[in-house]
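*Asks:* Here the UniProt record's numbering is used: position 10 in the sequence shown is 10, and no number is missing along the way.
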Amino acid sequence: MKTPFFSLILIVILTLSSCNQNKKNQLEYKYSSEAPMVKCDSPDSLLVNEAIYEFEKNLNAAFNKDGRNTARIYTTFINQIIQKRFVVNEFATPHSLEIAKALNQSSVFKNETFDVNSDLSNCLFNSIKNNNLRTSLNSLKKANSLRDNVLLPTFQNEARNFYNDKYISTILALKYYYPLLVKMEEKDLVEKLDATPQNGTINFNKTPNTNQTIKPQIKAEQPGHEGHNH
């Protein structure tokens, strides 16, 4: 009698595992035809590429509406994170939310945040263009001291150059943007007019929905690991 019973249990476990994997694979990749932002050998490289394209689209739509000053998007983003004024549901889209959920099911995240001890993390940190910043961050990483109160001021000093360094942009997206969305649902997001991925300009052909319910602003809890990395 034990054999049929345990066979049934095994079938149930395999079915549930397959369902979870299918959910992860249901993400619509909108940027799969675009050139890879970063070149790191990872089983989740396509997902990471999707994440950074969507992240920069969201920041441009919020902080660079005229498309003329890409340098300020990271300066503004980091300043708002430091000052705890970044309201993530004002910026994120349903696609951003889907990416966050997929990241949380992937090897990129551990305990609902970016795994800074992963092979992907090593590649990103070792590929940062700015020599001084790369050396400083890797020293902190080696010492297990990637604390936000050290990292964020360091990022703030170099933020104007981050748009041209997609490795550091990816670190910021994975560490300070997508973890804020992991526990959110689509109903939490503030509805917006359509924006283009390139420059964040508003689609004036879309008629605003005057009857829509205004979603409350949710100030997501900012990453605040005061201790060492886990």
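A virtual CB, placed ideally from N, CA and C, is assigned to each residue, including glycine. Predicted model, so just to flag it, every value in this text is computed and none were measured.
Only counting the same chain, and skipping five residues up and downstream in sequence, which positions put a Cβ closer than 7 Å to that of LYS166?
*Replies:* MET37, VAL38, ILE52
*Asks:* Provide the residue(s) that pair with PHE114 in DSSP beta bridges, ordered along the chain.
*Replies:* PHE109
*Asks:* The alpha helix (DSSP H) that contains CYS40, what's its start and end?
*Replies:* No alpha helix (DSSP H) holds CYS40; DSSP gives it neither H nor E.
*Asks:* Could you pull the start and end residues of the alpha helix (DSSP H) that GLU98 belongs to?
*Replies:* 94–104
*Asks:* In terms of residues, what are the limits of the alpha helix (DSSP H) holding ILE171?
*Replies:* 166–176
*Asks:* Just mark LYS57 as buried or exposed, buried being the case when its beta carbon has 16 or more other beta carbons within 10 Å.
*Replies:* Looking at its Cβ environment, which holds 16 or more other Cβ atoms inside 10 Å, LYS57 is buried.
*Asks:* Tell me whether the beta-carbon of ILE99 lies closer than 8 Å to the beta-carbon of GLU158.
*Replies:* no
*Asks:* On the three-pair Cβ rule with 8 Å, is the stretch 65–81 touching the stretch 148–162?
*Replies:* yes
*Asks:* So which of LEU181, ARG134, ASN130 has the shortest CA-CA distance to GLU112?
*Replies:* LEU181
*Asks:* With a cut-off of 8 Å on the beta carbons, I'd call SER42 and LEU137 a contact; round off their distance for me.
*Replies:* Going by Cβ atoms, the distance from SER42 to LEU137 rounds to 19 Å, so no, they are not a contact pair.
*Asks:* Taking only the alpha-carbon atoms, compute the straight-line gap between SER96 and TYR178 and give it to the nearest angstrom.
*Replies:* 8 Å
*Asks:* Hey, would you say LEU146 sits closer than 8 Å to LEU152, going by beta carbons?
*Replies:* Between LEU146 and LEU152, the C-beta gap is not smaller than 8 Å, which leaves the two residues out of contact.
*Asks:* With 16 other CB atoms within 10 Å as the buried threshold, where does VAL88 fall?
*Replies:* buried
*Asks:* Given a threshold of 16 other Cβ atoms within 10 Å of its Cβ, counted over all protein chains shown, does LYS187 qualify as buried or as exposed?
*Replies:* Counting Cβ neighbours within 10 Å, LYS187 comes out exposed, since fewer than 16 surround it.
*Asks:* Please classify LEU151: does DSSP put it in a helix, a strand, or coil?
*Replies:* LEU151 falls in the helix class under three-state DSSP.
*Asks:* Roughly how many angstroms lie between the CA atoms of ASN132 and THR154, to the nearest whole one?
*Replies:* 11 Å
*Asks:* Given a threshold of 16 other Cβ atoms within 10 Å of its Cβ, counted over all protein chains shown, does ASN104 qualify as buried or as exposed?
*Replies:* buried
*Asks:* In three-state terms, what does DSSP make of PHE125?
*Replies:* helix
*Asks:* Below 8 Å on the Cβ atoms is my guess for LEU27 versus VAL108; work out the distance and round it to an integer in Å.
*Replies:* About 13 Å separates the two Cβ atoms, so there is no contact after all.
*Asks:* For a quick check, are the C-beta atoms of THR70 and TYR163 less than 8 Å apart?
*Replies:* yes
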